[in-house]
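This report concerns only the one structure given below.
There are 2 protein chains.
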Amino acid sequence: MDDSAAPLGRREANRREIEAQILAAAETVFAEAGFGGATMQLIAEMAGLPKANLHYYFPTKEALYRRVVERIFLIWLEAAEHFDAAEGPAAGIGAYIDAKMEISRRHPSGSKVWAAEVMHGAPVVQDYLETTLRSWTEDRQAVIRRWIAEGRMAPVDPRHLMWMIWAATQHYADFGHQIEVLNGGPLSDADWQAAKDSVRGMILRGLGL
Amino acid sequence: MDDSAAPLGRREANRREIEAQILAAAETVFAEAGFGGATMQLIAEMAGLPKANLHYYFPTKEALYRRVVERIFLIWLEAAEHFDAAEGPAAGIGAYIDAKMEISRRHPSGSKVWAAEVMHGAPVVQDYLETTLRSWTEDRQAVIRRWIAEGRMAPVDPRHLMWMIWAATQHYADFGHQIEVLNGGPLSDADWQAAKDSVRGMILRGLGL
DNA sequence: TCCTCATCTGACCGTATGGTCAGGTTTCAC
DNA sequence: GTGAAACCTGACCATACGGTCAGATGAGGA
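Quick note, the sequences are listed as chains A and B, same order.
Numbered according to the numbering used here, the first sequence spans residues 1498 to 1706.
Numbered according to the numbering used here, the second sequence spans residues 1498 to 1706.
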């Protein structure tokens, strides 16, 4: 974001490193315990510093939480670039699904925190839903509608398609524990590849592609 | 379950009514605030009785929570009867999707509580995942594999199919808030019908049906 | 070197929460 | 009617939590 050219002295570098450690620890704890169940004490321990020091970097629990939620939201928005870069529906939607599956694999905790936030009525990021996410969604829906009008894919409601993609991909993060139990252990590389192929294949076939 | 013939006197009837009120209130509060964020005080107020009385019916917060989670789990298991009753893949899977969509509409809070429980590693219902859900899943997978072997549907991995159905249907409950924001208001009867048709249609087409 | 300001931390505080309990009230079998 | 057991409740307790603060420590510019 603002990784400017300035070599940023020891102080600034250290500050960023500690903030990153805290954010990583917070993401894990919030994902495992929820906002109400998470404690600043536990986050501090996991980040390797005293609780009072944690409050030096993030004044309140809410402020820390908000940063964690913002992070996964931005990651998801970036995944849309795969969608936009492609030319047709098969490539665009396929690449978007692959990207979202990869995020579920790499950032399961972030996905869980977002899911919990939305489930609780988005008390902290309601504004994101109403502004950024809304306009983002409308833009992609317009693209899909155009593809449909051009006869390049089956005529489905773009909103429900979007929701199915989100649901199917994020499920592998949010319900990862359930999946691991039913799978008899963590998904292997091959399992993840099969999951990707399955989700992409099923949805694209559902769109007549 | 055990609505036996006995006319159950005033006392027993009253007890059941109060327990039902408590469970309904608890489901709502746990869904909105999570286990850690929910308070016995708020549940008691919503159920219309003093907190101490709440503890008379449910000794601990955990005990009350467990009953709430068990409830939605049993409702989902019952939805499988639609699957089992049908003859072929199109009717069976289609009816199962419809039933699960209807549950998302009627019991959104229960679905959210379950989702949060699983996201946090199923601390309370791990045993259900390992026993009931596991064998339930294996049974249905066997049916799907047989349909595939008989050439009655496309050869997809039954596990990923199951997960996609769960993900797509439960998304309408768990992410109901996000959906309402993007939809500009609660889903109407027609919206729900469209959602059902869309999810069922997309998945069945994905299976070559 | 020395001064300033960022960084760090143990000890502390007020509050909210889950849970208890003594004692009251209602129900019901006999 | 009456005794026992189920039901109800205000007041209370111990604990855990988010957050504060005074003061120590360290870095860096002049």
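Cβ coordinates follow ideal geometry from the N, Cα and C atoms, glycine included.
What are the complete alpha helix (DSSP H) segments, minimum 4 residues, inside the stretch 1564–1615 of chain B? 1586–1603
Own chain partners of B/Gln1638 with C-beta closer than 6 Å, once the 5 adjacent residues on each side are dropped: Pro1655
Under 7 Å, Cβ to Cβ, is there at least one residue of chain B near A/Phe1672? yes
Can you tell me whether A/Ala1503 is helix, strand or coil according to DSSP? Confidence at A/Ala1503 is low in this model, with a pLDDT of 43, below 50, so its placement is unreliable and no value can be given for it.
Counting pairs of Cβ atoms below 8 Å between the stretch 1522–1535 of chain B and the stretch 1614–1621 of chain A, do you hit three or more? yes
Indicate the three-state DSSP secondary structure (helix, strand or coil) for A/Ala1651 in the structure shown. coil
Taking only three categories from DSSP, how would you classify A/Gly1681? coil
Between the stretch 1508–1537 of chain B and chain A, which residues of the former have CB atoms less than 8 Å from a CB of the latter, in chain order? Ala1528, Glu1529, Ala1530, Gly1531, Phe1532, Gly1533, Gly1534, Ala1535
Contacts that A/Ala1613 makes with chain B (C-beta to C-beta distance below 7 Å): Gly1531, Ala1613, Met1616
Please confirm if B/Ser1695 has its CB atom under 7 Å from at least one CB of chain A. yes
Find the nearest neighbour of A/Ala1535 within the set A/Asn1550, A/Thr1557, A/Glu1516, judged by alpha-carbon distance. A/Thr1557
Cβ of B/Asp1671 within 7 Å of Cβ of B/Ala1612? yes
Using 8 Å as the cut-off, can you tell me whether the stretch 1562–1570 of chain A makes contact with the stretch 1588–1608 of chain A, which would need three or more C-beta pairs spanning the two stretches below that distance? yes
Strictly below 8 Å CB to CB, what residues from chain A border B/Glu1627? Val1678
Output yes if chain A places a C-beta closer than 7 Å to the C-beta of B/Lys1609; else output no. yes
Are any of the Cβ atoms in chain A nearer than 7 Å to that of B/Arg1702? yes
Does any CB atom of chain B fall closer than 7 Å to the CB of A/Gln1690? no
Which same chain residues end up closer than 8 Å to B/Ala1687 when comparing Cβ atoms and leaving out the 5 residues on each side of it in sequence? none
B/Thr1634 touches chain A at which residues, Cβ-Cβ below 8 Å? Leu1679
What does B/Val1478 reach in chain A if we use C-beta pairs closer than 8 Å? Shown here, chain B extends from 1498 to 1706; a query on residue 1478 of chain B therefore has no answer.
For B/Glu1677, which residues of its own chain have a beta-carbon under 8 Å away from its beta-carbon, when the five flanking residues on both sides are left out? Pro1683, Leu1684
With a floor of 4 residues, list each alpha helix (DSSP H) that falls wholly inside the stretch 1620–1675 of chain A, ordered by position along the chain. 1631–1646, 1655–1671
Any chain B beta carbon closer than 7 Å to A/Met1650: no
Rounded to a whole number of angstroms, what is the C-alpha to C-alpha distance between B/Leu1658 and A/Gly1648? 27 Å
Smallest Cα separation from A/Gly1673: which of B/Glu1559, B/Ala1664, B/Asn1680, B/Gly1681? B/Ala1664
With distances taken from CA atoms, which of B/Leu1574, B/Ala1560, B/Ala1517 is nearest B/Leu1546? B/Ala1517
What three-state label does DSSP hand A/Thr1525 in the structure shown? helix
Neighbour list for A/His1668 in chain B, Cβ cutoff strictly below 9 Å: Trp1660, Met1661, Trp1663, Ala1664, Ala1665, Gln1667, His1668
Between B/His1579 and chain A, is there a C-beta pair that is closer than 7 Å? no
So what does DSSP say about A/Ala1687, is it helix, strand or coil? helix
First and last residue of the uninterrupted alpha helix (DSSP H) at A/Leu1551: 1548–1554
Quick check: the Cα distance between B/Glu1599 and B/Ser1695, rounded to an integer number of angstroms? 14 Å
Report the rounded CA-to-CA distance for A/Met1543 versus B/Phe1580, giving the unit in angstroms. 45 Å
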